[in-house]
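Asker: Numbering (the working numbering), first residue to last: 1 to 456.
Even for Gly, the Cβ is constructed at its ideal location relative to N, Cα and C.
Please read all numbers here as calculations on a predicted model, not as lab measurements.
After the structure tokens below, expect a handful of questions from me.
This is how it looks when you write it as structure tokens:
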């Protein structure tokens, strides 16, 4: 019996690469050979951070974009549709023409539907993986229906700004759940909608559609969209395969947390893309410092805007004197949030961060910036009620007073702590042996192996 061989293709952003790499580790642990395909820029950045997965065959293909291309630039979608498909097809043909361990499965990000078309043409089977919420995926899959019923227009905008349902058993949602409405650029928003509209039919051709969520967290969606299979929160069980990152983890974080009391540290991190301008940076700094709370704050090297160097240097000196704060460029967030000293999570509400926090029972203080983060904020704060939302003022800035008052409110709320603890129990149960996501992952692996033998 030949070794099953899967080619894995993520969307070229950290928030997409890391969770699909977790899924790849699950496959590798069950006998699959993995060829993991990044864009050249993503591959180089991961290699520079020392975050390559040694057990995989890590390769790259060009996307035709510069290394600092904006995630809000419509050229990103042009690259996906016009530059990368031929490169991917050539790679598959090259690998399958050289070795006896031929690629038989494609594991593609839900944003890479065009790759499913290529796989079908070359005789491969496909799994589509969504690193975002099942609600986001269901919304995308519902685009044809929403267009047909007149809920949205040809540009993806909700007509009359009405609330609507994706299915009878699902709660009402609004345009917040359409990520193409939150790209900070109208041209990019329209281009993004057209991209996802074209993407839907390709996704549905896959043999399996899986997502990084769990049954109890989005039960109405999984009931109404049974073709979406939850296998999260990834990683499963006690696995900590921290690969696929663009920046190196600061190794001192856990040692520092070990020295702090239980439930005493505010953890703040805003993902791999969001930018803080000078005003917002200072408001957070003053809020953290004046609150006299311990904090661990992740600030990427490219995360701030403006002339902040002198201010930031003075701020770091101040917190070093107190010894109750720590600033790092990047960290192993999964380990940090699992640490008993963490009291709450100030988050941008990216889905990976949401799952990391929920999985560890950590309450949220939410500040979304774009795409699905506003919908995730609403879900965390209004549906499962494990967090509070930070409100921006008329200038788009969250003030230090708002940050301090919401921190106090969050940390004093026993109701939120109880609900967060309950969500942790459900999440941990789902990824433990016998749990729903654990079992779904096992079933997926066995189905892929069985179909692989049929192909062979």
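Figure out for me which residue from 105, 225, 167 and 295 has the closest Cα to the Cα of residue 447.
Answerer: Here the question's residue 447 lines up with position 447 in the chain shown. Comparing Cα-Cα distances from residue 447 to each of 105, 225, 167 and 295, the minimum goes to 105.
Asker: Suppose you measure from the CA of residue 262 to the CA of residue 401; what does that come to, to the nearest Å?
Answerer: Here residue 262 corresponds to residue number 262 of the chain shown, with the count starting at 1. Here residue 401 corresponds to residue number 401 of the chain shown, with the count starting at 1. The alpha-carbon atoms of residue 262 and residue 401 are separated by roughly 25 Å.
Asker: Per DSSP, what kind of secondary structure is residue 78 in: helix, strand or coil?
Answerer: For the purposes of this step, residue 78 is taken as the residue at position 78 of the chain shown. If DSSP states are grouped into helix, strand and coil, residue 78 belongs with the helices.
Asker: When every heavy atom of the ligand GDP is checked, does at least one fall within less than 7 Å of the C-beta of residue 221?
Answerer: Ligands are entirely absent from the displayed structure, and the ligand GDP is therefore not among its contents.
Asker: Are the C-beta atoms of residue 126 and some chain E residue less than 8 Å apart?
Answerer: In the displayed structure, chain E is absent; only one protein chain is listed.
Asker: Within the region 129-155, note down every full alpha helix (DSSP H) run reaching 4 residues or more, in order along the chain.
Answerer: 134-141 and 143-148, all fully within the region 129-155.
Asker: Out of 116, 136 and 260, state which residue places its alpha-carbon closest to the alpha-carbon of residue 128.
Answerer: Position 128 of the chain shown, counted from the first residue, corresponds to residue 128. Minimum Cα distance to residue 128 is reached at 116.
Asker: Specify whether the region 411-429 and the region 381-395 touch according to this definition: at least 3 beta carbon pairs, one from each stretch, less than 8 Å apart.
Answerer: A contact exists between the region 411-429 and the region 381-395.
Asker: State the DSSP-derived secondary structure class of residue 297, mapped to helix, strand or coil.
Answerer: Translated into the one-based positions of the chain shown, residue 297 becomes position 297. Residue 297 falls in the strand class under three-state DSSP.
Asker: Please go through the same chain and pick out, in chain order, the residues whose beta-carbon is closer than 6 Å to the beta-carbon of residue 9, but skip the five residues on each side of it.
Answerer: To locate residue 9, count along the chain shown from 1; it is residue 9. For residue 9, where only same-chain residues beyond five positions count, the Cβ hits under 6 Å are 37, 108, 112 and 115.
Asker: I need the straight-line Cα distance from residue 297 to residue 330, nearest angstrom please.
Answerer: Counting from 1 along the chain shown, the entry for residue 297 is found at position 297. Counting from 1 along the chain shown, the entry for residue 330 is found at position 330. The alpha-carbon atoms of residue 297 and residue 330 are separated by roughly 9 Å.
Asker: Go through its chain and collect everything with a Cβ distance to residue 32's Cβ below 6 Å, but skip five positions before and after it.
Answerer: Residue 32 sits at position 32 when you count from the first residue of the chain shown. Here the set comprises 4 and 6.
Asker: Where does residue 5 fall in DSSP's three states?
Answerer: As a working mapping, residue 5 is identified with position 5 in the chain shown. Three-state DSSP puts residue 5 in a strand.
Asker: Going by DSSP, what residue range makes up the beta strand (DSSP E) through residue 34?
Answerer: Your numbering for residue 34 matches position 34 in the chain shown. Unbroken beta strand (DSSP E) run through residue 34: 33-39.
Asker: Would the region 220-239 and the region 261-280 be scored as touching if the rule is three or more Cβ pairs under 8 Å?
Answerer: In short, these stretches do not touch, since the Cβ pair count stays below three.
Asker: Could you give the DSSP three-state label for residue 461: helix, strand or coil?
Answerer: An answer regarding residue 461 cannot be provided, because it is not within the stretch 1 to 456 covered by the chain.
Asker: With DSSP run on the structure shown, which of helix, strand or coil describes residue 57?
Answerer: Numbered from its first residue, the chain shown carries residue 57 at position 57. Strand.
Asker: Buried or exposed, going by whether 16 or more other CB atoms sit within 10 Å of the CB of residue 169?
Answerer: Numbered from its first residue, the chain shown carries residue 169 at position 169. By the 10 Å Cβ count, residue 169 comes out exposed.
Asker: In whole angstroms, what separates the C-alpha of residue 353 from that of residue 102?
Answerer: On the chain shown, residue 353 is found 353 positions in, with the first residue counted as 1. On the chain shown, residue 102 is found 102 positions in, with the first residue counted as 1. Distance between the alpha carbons of residue 353 and residue 102: 35 Å.
Asker: My parser needs the alpha helix (DSSP H) runs of 4 or more residues fully inside the region 348-389; what are they?
Answerer: For the region 348-389, whole alpha helix (DSSP H) runs of length 4 or above, ordered along the chain, are 351-359 and 373-378.
Asker: Residue 35 and residue 59: beta carbons closer than 8 Å?
Answerer: As a working mapping, residue 35 is identified with position 35 in the chain shown. As a working mapping, residue 59 is identified with position 59 in the chain shown. Yes, Cβ-Cβ distance for residue 35 and residue 59 is below 8 Å.
Asker: DSSP puts residue 345 in a beta bridge; with which residues?
Answerer: One-based indexing of the chain shown puts residue 345 at position 345. Answer is 267 and 364, bridged to residue 345.
Asker: Starting from residue 107, follow its DSSP beta bridges and name the residues at the other end.
Answerer: Reading the chain shown from its first residue, position 107 is the one you call residue 107. 8 and 127.
Asker: Taking the alpha carbon of residue 178 as the reference point, which residue from 189, 171 and 185 has its own alpha carbon closest?
Answerer: Here residue 178 is taken as the residue at index 178 of the chain shown, counted from 1. Nearest C-alpha to residue 178: 189.
Asker: Roughly how far, in whole angstroms, is the beta-carbon of residue 424 from the beta-carbon of residue 361, given that I think they are within contact range, below 8 Å?
Answerer: Along the chain shown, one-based indexing puts residue 424 at 424. Along the chain shown, one-based indexing puts residue 361 at 361. 3 Å between Cβ atoms; contact.
Asker: With a CB to CB cut of under 8 Å and the five nearest residues on each side skipped, what residues in its chain are close to residue 229?
Answerer: Working through the chain shown from its first residue, we reach residue 229 at position 229. The residues are 208, 209, 210, 211, 440 and 444.
Asker: Tell me the rounded alpha-carbon separation between residue 389 and residue 398.
Answerer: For the purposes of this step, residue 389 is taken as the residue at position 389 of the chain shown. For the purposes of this step, residue 398 is taken as the residue at position 398 of the chain shown. Taking the straight line joining both Cα atoms gives about 11 Å.
Asker: Compute the Euclidean distance between the alpha carbons of residue 255 and residue 21, then round it to the nearest angstrom.
Answerer: Within the chain shown, numbered from 1, the residue matching residue 255 stands at position 255. Within the chain shown, numbered from 1, the residue matching residue 21 stands at position 21. Using only the alpha carbons, I get a separation of about 26 Å.
Asker: What's the call for residue 452, buried or exposed, on a 16-neighbour Cβ count within 10 Å?
Answerer: The residue labelled residue 452 in the question sits at position 452 within the chain shown. Buried is the call here.
Asker: Taking the alpha-carbon positions, what's the residue 155 to residue 193 distance?
Answerer: Within the chain shown, the letter at position 155 stands for residue 155. Within the chain shown, the letter at position 193 stands for residue 193. So the alpha carbons of these two residues sit roughly 7 Å apart.
Asker: For the beta strand (DSSP E) that residue 18 lies in, which residues bound it at each end?
Answerer: Sequence index remark: in the chain shown, residue 18 carries index 18 (1-based). Premise fails: residue 18 lies in the alpha helix (DSSP H), 14-29, not in any beta strand (DSSP E).
Asker: Just confirm the distance between the C-beta atoms of residue 266 and residue 288, as a whole number of angstroms; I'd bet it's less than 8 Å.
Answerer: As a working note, residue 266 is residue 266 in the chain shown. As a working note, residue 288 is residue 288 in the chain shown. Between residue 288 and residue 266 the Cβ distance is about 7 Å, and since that is below 8 Å, they are a contact.
Asker: If you draw a straight line from the alpha carbon of residue 30 to that of residue 142, how long is it in whole angstroms?
Answerer: Here residue 30 corresponds to residue number 30 of the chain shown, with the count starting at 1. Here residue 142 corresponds to residue number 142 of the chain shown, with the count starting at 1. So the alpha carbons of these two residues sit roughly 34 Å apart.
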